[in-house]
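Structure, as structure tokens:
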Amino acid sequence: MLLSVKDLHTSYGKIRAIKGISFDVAEGEIVTLIGANGAGKSTTLRTLSGLESPHEGSITFNGEDITGMKPHDITKKSLIQVPEGRRVFPQMTVAENLDMGAFLRNDKENIKEDYERVLTFFPRLQERKNQKAGTLSGGEQQMLAMGRALMAKPKLLTLDEPSMGLAPVIIEVIFEIILKLNEEGITILLIEQNANLALGISDRGYVMETGIIKLSGTGEELLANEEVRKAYLGED
Amino acid sequence: MEFFVQLLIDGLTLGGMYALIALGFTLVYGILLMINFAHAEMFMTGGFIGYGVLNLLGSESTIATVSDTLPFMSFLQSTQPFFTTTAVGFILMMLLTFGISAVLTGLLGITIERFAYRPLRNSPRLCALISALGMSLFLQNFVLLAVGHRMVFPTPEFLANLDAVPLFGAIRIAPIDLIIFITCLVLLFTLDRFVSKTKLGKAMRATSQDKDAAGLMGININSVIALTFFIGPALGAVAGTFFGLKYGVVTFNMGLFPGIKAFTAAVLGGIGNLRGAMLGGFLIGVLEALASGYISIAYRDVITFAILILILIFRPGGLLGESVVEKV
Ligand SMILES: Nc1ncnc2c1ncn2[C@@H]1O[C@H](COP(=O)(O)OP(=O)(O)OP(=O)(O)O)[C@@H](O)[C@H]1O
Ligand SMILES: [Mg+2]
Numbered sequence: 000m001l002l003s004v005k006d007l008h009t010s011y012g013k014i015r016a017i018k019g020i021s022f023d024v025a026e027g028e029i030v031t032l033i034g035a036n037g038a039g040k041s042t043t044l045r046t047l048s049g050l051e052s053p054h055e056g057s058i059t060f061n062g063e064d065i066t067g068m069k070p071h072d073i074t075k076k077s078l079i080q081v082p083e084g085r086r087v088f089p090q091m092t093v094a095e096n097l098d099m100g101a102f103l104r105n106d107k108e109n110i111k112e113d114y115e116r117v118l119t120f121f122p123r124l125q126e127r128k129n130q131k132a133g134t135l136s137g138g139e140q141q142m143l144a145m146g147r148a149l150m151a152k153p154k155l156l157t158l159d160e161p162s163m164g165l166a167p168v169i170i171e172v173i174f175e176i177i178l179k180l181n182e183e184g185i186t187i188l189l190i191e192q193n194a195n196l197a198l199g200i201s202d203r204g205y206v207m208e209t210g211i212i213k214l215s216g217t218g219e220e221l222l223a224n225e226e227v228r229k230a231y232l233g234e235d
Numbered sequence: 000m001e002f003f004v005q006l007l008i009d010g011l012t013l014g015g016m017y018a019l020i021a022l023g024f025t026l027v028y029g030i031l032l033m034i035n036f037a038h039a040e041m042f043m044t045g046g047f048i049g050y051g052v053l054n055l056l057g058s059e060s061t062i063a064t065v066s067d068t069l070p071f072m073s074f075l076q077s078t079q080p081f082f083t084t085t086a087v088g089f090i091l092m093m094l095l096t097f098g099i100s101a102v103l104t105g106l107l108g109i110t111i112e113r114f115a116y117r118p119l120r121n122s123p124r125l126c127a128l129i130s131a132l133g134m135s136l137f138l139q140n141f142v143l144l145a146v147g148h149r150m151v152f153p154t155p156e157f158l159a160n161l162d163a164v165p166l167f168g169a170i171r172i173a174p175i176d177l178i179i180f181i182t183c184l185v186l187l188f189t190l191d192r193f194v195s196k197t198k199l200g201k202a203m204r205a206t207s208q209d210k211d212a213a214g215l216m217g218i219n220i221n222s223v224i225a226l227t228f229f230i231g232p233a234l235g236a237v238a239g240t241f242f243g244l245k246y247g248v249v250t251f252n253m254g255l256f257p258g259i260k261a262f263t264a265a266v267l268g269g270i271g272n273l274r275g276a277m278l279g280g281f282l283i284g285v286l287e288a289l290a291s292g293y294i295s296i297a298y299r300d301v302i303t304f305a306i307l308i309l310i311l312i313f314r315p316g317g318l319l320g321e322s323v324v325e326k327v
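Chains D and A are the protein sequences, given in the same order.
Numbers 0 to 235, taken from numbering that gives the first Met the number 0, label the letters of the first sequence in order.
Numbers 0 to 327, taken from numbering that gives the first Met the number 0, label the letters of the second sequence in order.
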């Protein structure tokens with residue numbers, strides 16, 4: 000397994016946001032976590048990236064225990080997150096934001112290549128290279144956040160609700176790129192409210208509810224599941 | 000006209016020092032959203048360290064006393080004439096004085112952050128503020144007890160013998176003012192380039208804009224914060240040493256007024272904004288000089304602060320303060 004999470008608990012003070020979840024992601028997979036607001040999805044990704052420290056449980060990535068490591072050390076291991084709400088650096092230009100993604104790399108030639116590659120993925124960013132990221136539209140910021148993450152050469156890319164607040168056309172672009180990245184060998188762990196779309200492209204999925212994992216299965220199984228259809232696809 | 004230019008020169012040298020101190024306030028605020036009340040004491044400590052180094056290199060009596068207790072320091076006796084009488088020696092002595100003062104004060108800044116602020120980083124903001132006030136009192140009293148309340152700053156012989164530099168007409172600029180002004184410009188320019196162009200500088204900007212996201216980029220947040228707490232105090236120390244050279248004295252509470260003025264400069268420019276702090280520093284320096292020249296020294300601060308309040312009424316974010324970009 001590329002990523003293996005065992006009995007993970009994370010709290011914010013007295014609020015127990017995740018209460019013992021276990022799941023894993025194999026190399027090459029697309030895995031989706033779905034769940035209602037407040038289920039603990041973002042907390043899970045934040046804990047994986049070291050932004051929150053778990054008080055119980057373990058995270059193993061690429062054969063190494065990364066539980067409790069600092070965010071910058073986890074980034075060094077090529078576990079890269081595209082955070083909820085994009086979190087681009089608003090006062091920096093698009094080009095500078097992409098540079099920051101390559102912060103830990105020193106291979107100038109390859110960085111340049113990857114930079115060009117990101118711009119072919121997201122031609123919109125090319126035109127806005129010298130614009131401050133804070134002035135981009137929501138969709139452009141999402142593209143930038145993804146491009147920035149790609150600059151770090153992820154082995155596992157985690158994405159926290161990349162479709163949030165975006166127009167359907169843009170969502171389609173984003174999902175196409177997720178698929179393309181996966182074909183190129185990047186393993187994907189995706190969080191989505193848009194369960195239909197996400198499960199449709201996923202090998203496997205997990206359903207979270209108030210801090211625990213309620214259901215798991217292949218994308219198709221979950222899409223066919225009665226409960227999932229009721230709760231997340233708005234069908235009765 | 001000559002009077003005006005003379006005041007302008009005074010204001011710009013004073014302003015350069017304010018700008019150097021203001022940068023420390025604004026850098027720390029930009030990254031931790033904290034007003035480092037102890038920063039004025041970095042200026043003061045820097046001045047005292049500068050005083051110590053300068054005496055150690057150039058004062059025969061100090062060297063004699065030190066060599067008595069620490070025999071391995073007696074080599075200073077042979078270098079003293081070189082430092083005090085030759086031009087190269089003088090420049091070298093200045094570089095050493097400012098360099099040592101900046102580095103030691105920078106290390107002090109890192110230490111203070113590590114032990115007085117970092118443990119409180121996740122506590123309510125007031126806690127760090129109180130800790131900073133405590134640090135400020137501690138440093139003042141420490142210097143008062145360990146060194147003294149008022150020390151006469153040595154004027155290097157070489158500097159004293161330099162003639163005022165004629166600018167145009169009858170306008171002359173004192174060598175020390177020229178040195179201060181040029182050094183300030185060089186440091187401000189270098190810092191500006193460092194922050195906008197180098198990898199480490201960009202990491203500082205990223206950290207100040209979004210700490211979590213910076214961490215996700217692989218930036219070690221604690222190292223960046225430590226760097227910030229080195230640069231700010233180091234620049235403050237340069238200003239403190241200049242203060243000693245220009246006014247010929249350092250006192251344990253000398254940080255108070257320059258500290259307030261520099262903080263005001265940072266707010267005036269837009270706190271968190273580096274160029275704003277530089278601009279604010281020069282503006283306050285010039286305002287102060289003009290007010291004391293044309294109106295009255297007694298009203299200098301009243302006038303300066305009145306203008307500050309006026310500007311802030313119309314631009315509450317400061318002159319160069321960016322309107323907060325809404326995060327989507
Ligand atoms: N910084 C915080 N401080 C305190 N409680 C928090 C914090 N962040 C999240 N929580 C709480 O933890 C729980 C899980 O939050 P989390 O953000 O992980 O949910 P989520 O599944 O990502 O929800 P959403 O779909 O709305 O993004 C919620 O009850 C939330 O209120
Ligand atoms: Mg969330």
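Using N, Cα and C, we set each Cβ at its ideal position, and we do this for glycine too.
For residue i, which residues does DSSP report across the bridge?
| i | result |
| --- | --- |
| V87(D) | None, per the DSSP bridge assignment. |
| P155(A) | According to DSSP, which records beta bridges pairwise, P155(A) is partnered with nothing at all. |
| Q20(D) | Reading off the sequence shown, one finds Ile at residue 20(D), where the question assumed Gln. In the DSSP output, where bridge partners are listed per residue, I20(D) has L7(D). |
| D159(D) | I190(D) |
| R149(A) | T250(A) |
| Y248(D) | For residue 248(D) there is no data in the structure shown, the boundaries of chain D being 0 and 235. |
Compare the C-beta of residue i with all C-beta atoms of chain D and state if any pair is closer than 8 Å.
| i | result |
| --- | --- |
| M203(A) | no |
| A212(A) | yes |
| V324(A) | Its pLDDT being 36, under 50, V324(A) is placed unreliably by the model, and nothing is read from it. |
| V327(A) | The predicted model places V327(A) with a pLDDT of 27, which falls under 50 and marks its position as unreliable; any figure quoted below should be read in that light. With 8 Å as the cut-off, V327(A) counts as an interface residue toward chain D. |
| G320(A) | no |
What does the alpha-carbon distance come out to for the pair residue i and residue j?
| i | j | result |
| --- | --- | --- |
| L124(D) | A194(D) | 28 Å |
| V323(A) | A212(A) | With a pLDDT of only 42 at V323(A), under 50, the local geometry of the prediction cannot be trusted, and the value read off the model is given with reservation. Going from the Cα of V323(A) to the Cα of A212(A) covers about 18 Å. |
| Q141(D) | G218(D) | 24 Å |
| K69(D) | A261(A) | 36 Å |
| I270(A) | M277(A) | 11 Å |
| L47(D) | L1(D) | 13 Å |
| F228(A) | E112(A) | 7 Å |
| V249(A) | A265(A) | 24 Å |
| V81(D) | T31(D) | 14 Å |
| E287(A) | F42(A) | 20 Å |
| G316(A) | E208(D) | 43 Å |
| E1(A) | A39(A) | 33 Å |
| I283(A) | G10(A) | 8 Å |
| L69(A) | G49(A) | 20 Å |
| I14(D) | T44(A) | 45 Å |
| C183(A) | G133(A) | 30 Å |
| S291(A) | L91(A) | 35 Å |
| G199(D) | L180(D) | 16 Å |
| L156(D) | I79(D) | 5 Å |
| I212(D) | V206(D) | 6 Å |
| R104(D) | I220(A) | 17 Å |
| K40(D) | R116(D) | 30 Å |
| V24(D) | K5(D) | 12 Å |
| I190(D) | L26(A) | 36 Å |
| F74(A) | L103(A) | 22 Å |
| I8(A) | L143(A) | 33 Å |
Does chain A have any CB closer than 8 Å to the CB of residue i?
| i | result |
| --- | --- |
| A151(D) | yes |
| G146(D) | no |
| S100(D) | The displayed chain sequence assigns Gly, not Ser, to residue 100(D). Cβ-Cβ to chain A under 8 Å: yes for G100(D). |
| L50(D) | yes |
| L103(D) | yes |
Quiz prompt | Residues surrounding ligand 1 [beta-carbon distance to nearest heavy atom under 5 Å] | solution = Y11(D), I14(D), A16(D), N36(D), G37(D), A38(D), G39(D), K40(D), S41(D) and T42(D)
Practice problem: Check distances from the C-beta atoms of the region 263-279 of chain A to those of chain D and list, in chain order, the residues that come in under 7 Å. | Solution: none
Quiz item: When Cβ atoms are compared, which residues of the region 71-95 of chain D fall closer than 8 Å to chain A?
Solution: H71, T74, K75, I79, Q80, P82, G84, R85, R86, V87, F88, P89, Q90, M91 and E95
Quiz item: Which of the residues in the region 208-237 of chain A, read from start to end, lie with their CB under 7 Å from any CB of chain D?
Solution: Q208, D209, D211, A212, G214, L215, M216, G217, I218 and N219
Quiz item: Between the region 5-18 of chain D and chain A, which residues of the former have CB atoms less than 7 Å from a CB of the latter, in chain order?
Solution: none
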